[in-house]
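**Student:**
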Amino acid sequence: MWKSESNISLRTYSQNHIDLEIGGLGDALHWRLTCFYGYPWETERHKSWRLLEQLNENASLPWCYIGDFNETLKADEQGKDLSSKRHMLVTLFV
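For what it's worth, the UniProt record's numbering labels the leading residue of the sequence shown as 1, then goes sequentially.
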């Protein structure tokens, strides 16, 4: 539950993300929250990874990111081989 005195600042946003800073510089619980929606088309998924890399460049706070990355975790979800580097990264992360 959010406290009314919680300080929330919008860092950046786009069609695919909202990046927030929770708490202030002097707060013990000063952290970052990113809500993310990955590109749904496979031909544009590289843009999702590029956006995550750009967001990571400014990662000096504890960081929680949540959302739909639109990456397939199991081959039977799409009926094809998932041996790509991206799939391996997602599998290792989860």
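Note that beta-carbon positions come from the ideal geometry of N, C-alpha and C, so glycine has one too.
Is it true that the CB of Gly38 sits closer than 9 Å to the CB of Glu71?
**Tutor:** Yes; because the gap between Cβ atoms is below 9 Å, this pair is in contact.
**Student:** By a C-beta neighbour count over all protein chains shown, 10 Å radius and 16 as the cutoff for buried, is Arg50 buried or exposed?
**Tutor:** Burial call: exposed.
**Student:** Our contact map puts Ser48 next to Asn7 with C-beta atoms below 8 Å; I'd like the distance itself, whole angstroms only.
**Tutor:** Not quite, the Cβ-Cβ distance comes to about 29 Å (not below 8 Å), so this is no contact.
**Student:** Measuring only the C-alpha atoms, how far is Thr34 from Gly26?
**Tutor:** Computed Cα separation, rounded: 21 Å.
**Student:** For the alpha helix (DSSP H) containing Glu53, name the first residue and the last one.
**Tutor:** Taken as a continuous stretch (DSSP letters only), the alpha helix (DSSP H) holding Glu53 covers Arg45 to Asn56.
**Student:** Report buried or exposed for Asp19, applying the criterion of at least 16 other Cβ atoms within 10 angstroms of its Cβ.
**Tutor:** It counts as buried.
**Student:** Considering only the beta carbon of each residue, do Phe36 and Leu10 sit closer than 9 Å?
**Tutor:** For Phe36 and Leu10, no; Cβs fall outside 9 Å.
**Student:** Who are the near neighbours of Ser14 in its chain, counting only those whose CB is closer than 6 Å to its CB and skipping five residues on each side?
**Tutor:** Counting only Cβ-Cβ distances below 6 Å, and skipping sequence neighbours, we find nothing.
**Student:** Does DSSP put Glu5 in a helix, in a strand, or in coil?
**Tutor:** Residue state, collapsed to three classes: coil.
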